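Chains as they are written, first to last, in the numbering used here: chain U, 3 to 384; chain L, 3 to 384.
In structure tokens, the structure reads:
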């Protein structure tokens, strides 16, 4: 299958590219290095330096004999994206090409407007490139569980049947996200849904929770093939922050009360989910929405887990609450459905103690690179 | 009160500016002439030529001794908008500054992307200018009833309480609009709601139906002060199209079955609604949504009305169905709430036969200017 991966230099894009290439697909990746540039500009570089995308593709080729075609460029430039579509004629496009940092989107006007315009125009251009140059191509778009926020009712998979004053209809599940970044993903979904129902596109929107882990069949071959590991306050997740804090010997910083519950998944499962979605495409005129995570836990539970496993390894791990830089519920109802991907065949890799221990080992190996000044929140929502 | 009117050259912006100035408010208008430029580019000029915005303000000043301060410029340029905010320090901003044509937004890639970027960046910049330079300023944003589409349940005013599996929460009413233009208004609302709940802005979002009429206390003084009357397929409404067709002696063109029901209002009532909203501002952190129309009827009922009144005037009016260029339900449930503005004090001016007759008289006066080639749909959704 000809698979176009947008945002192919990213934490998810790169391992997806390797995984699909290893499985025999014809893989083309595009990236504009926006994340690398923002990381440099905000002192948020990843823990482990990664070769550039062309170099990574060459290293992977030398080890696996699999080709990954690379284009460095911005898909917000429609002419560039059109050129790629005409040349490659993708059968599936995996769209990761968005500014992915919530804190970055909350720094100020410039960063917010950059996030809005990058994310909306990227999605808009993908829609049009498919309509004009590959109308049967299946769009697999990465959304986020963060689109839903933390409502007081069960979260369904994208859609909600509503009965109101004795009448019924089905709608996109109502969304209220916690950052401008997450809000741009809400707008993406609205935009996709308009073009899907009006022009009969095929779209799968994967509402993904926070992803953890670096290990995949391909990245395990050579450290130069590892995905980016960010532990900073801009691109880092709570999981990565806790792992690094445990290794650095500083307390794990829980934001506020720590009752924030999210749905998490292993990087290996992201690869599975995207592949499962790709092999069973949405119908023409269908916006299929799947909630992509395998288990839920609170920030406090996550901190406890890292503390327990860290202490078993002889680290002396403390946990401490700090004022929450975000505006979010710290104690809330959370019951999101997530059977769709299981029904497609997902075999979850849960966050076992063994998995946490492996992740800690990875960080320990690079302990000398940890820059503690990157860890604490530098951006506040207020 | 210091009132900033964005899109002050438009069909609604200009009469709003005159009305507020006549009532003693300090009025500042900004417009980038986007509508005029698109009208020229697409052969969609208004029936009655209107002086440019500076000239109109001068004519109005000479007749009423009321000042309207004019700036020609693009609010998507944040530096320009900041300059206006710093200089004028508005207490209320009325935001009409959007590309308002559904058919234009459906022509192709360029027009769609122009609509998306203009409308989203305009709203985004207004939000930020208020946050940074006038945090207590009340934003009155023109949305559209078209955001809701035609759901099978009653349309409430912006919000919906949902009970699901025994639990309850309140959400933005789910939206599914019928054009890219209308979809950008959905995105506007999502964006406003994020910033309102996160940073405590005051916003009123007026979900307006199609507006008709040219007559206001101020525009009646001099024909050069009339709002724009568009009857073309780009900016014209069904009301204006039917009026012009009746006068030109060509059949009124009903799109498809004609069962499309919408909520309409008189231009005089738009002025009332915006003023009522302005004088009773939303609270800090409140996104108040009001459905702005006074009566609903179907396209067939509208055609019948224009035909009946036209025939009374001695015109020989025929009605004919043509294939619908849009993708929309032509026979649907429609029961939208609209008590909020009535509760604030709105006194409706309904579309009586007398009102239709006056509108026909206005068109008859300019009968020789009618260009029939502008009337039929040139843009199809498919």
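Even glycine gets a Cβ: it sits at the ideal position worked out from N, Cα and C.
Because the structure is a prediction, the values reported are computed rather than measured.
Query	Result
Candidates 100(L), 184(L), 346(L) and 135(L), of which the one nearest residue 94(L) by Cα	135(L)
Burial state of residue 354(L), where buried means 16 or more other Cβ atoms lie within 10 Å	exposed
Proximity of residue 308(L) and residue 346(L) at Cβ, strictly below 8 Å	no
Residues that DSSP places opposite residue 146(L) in a beta bridge	210(L)
Minimum Cβ-Cβ distance from residue 31(L) to chain U less than 8 Å	no
Sequence ranges, alpha helix (DSSP H) only - wholly within the segment 126-212 of chain U, length at least 4	182-201
Bounding residues of the alpha helix (DSSP H) (the contiguous stretch that carries residue 106(L))	104-107
Within chain L, the residues that residue 188(U) reaches when beta carbons sit closer than 7 Å	192
The segment 215-232 of chain U contacting the segment 275-285 of chain U, beta-carbon criterion three pairs below 8 Å	no
Buried or exposed (CB count within 10 angstroms, at least 16 for buried), residue 349(U)	exposed
Short Cβ contact (8 Å threshold) for residue 20(U) with residue 227(U)	yes
Extent of the continuous alpha helix (DSSP H) to which residue 335(U) belongs	Segment: none, residue 335(U) is in no alpha helix (DSSP H) and carries neither H nor E.
Residues bridged to residue 298(U) (per DSSP)	265(U)
Boundaries of the alpha helix (DSSP H) in which residue 49(L) is found, first to last residue	Note, residue 49(L): premise wrong, no alpha helix (DSSP H); not H, not E.
Where residue 230(U) sits in the DSSP three-state scheme	coil
Bounding residues of the alpha helix (DSSP H) (the contiguous stretch that carries residue 372(L))	Careful: residue 372(L) lies outside any alpha helix (DSSP H) and carries neither H nor E.
Rounded separation between residue 97(U) and residue 191(U) - CA only	12 Å
Under the three-state DSSP convention, the category residue 322(L) falls into	strand
Residue 166(U) at chain L interface by Cβ criterion, 8 Å	yes
Cβ-based neighbour list, residue 260(U), same chain, cut-off 8 Å, excluding 5 preceding and 5 following	300, 301, 302, 305, 323 and 332
Pick from 35(U), 244(U), 72(U) and 52(U) that is closest to residue 221(U), judged by C-alpha positions	52(U)
Alpha helix (DSSP H) segment containing residue 348(L), residue limits	Careful: residue 348(L) lies outside any alpha helix (DSSP H) and carries neither H nor E.
Partners in chain L for residue 257(U), counting only beta-carbon separations shorter than 7 Å	None at all; the shortest Cβ gap to chain L is about 16 Å.
Whole-number beta carbon distance between residue 211(L) and residue 147(L), since they are thought to touch under 8 Å	5 Å
CA nearest to the CA of residue 277(L), picked from 184(L), 55(L), 140(L) and 287(L)	140(L)
Cβ-based burial, residue 45(L) [other Cβ within 10 Å; buried from 16]	exposed
Closer than 8 Å to chain U by CB, residue 235(L)	no
Coarse secondary structure for residue 286(U), derived from DSSP in three states	coil
Residue 236(L) - DSSP class collapsed to helix/strand/coil	coil
Alpha helix (DSSP H) segment containing residue 57(L), residue limits	55-66
Neighbourhood of residue 252(U) by C-beta distance below 7 Å, restricted to the same chain and skipping five residues each side	374
Residue 341(U) classed as buried or exposed, judged by whether at least 16 other C-beta atoms fall within 10 angstroms	exposed
Chain U within 8 Å of residue 16(L), Cβ atoms only	no
Limits of the unbroken beta strand (DSSP E) element including residue 328(L)	It is not in any beta strand (DSSP E) - residue 328(L) carries neither H nor E in the DSSP assignment.
Element boundaries [beta strand (DSSP E), containing residue 70(L)]	70-74
Where the beta strand (DSSP E) through residue 96(L) begins and ends	94-97
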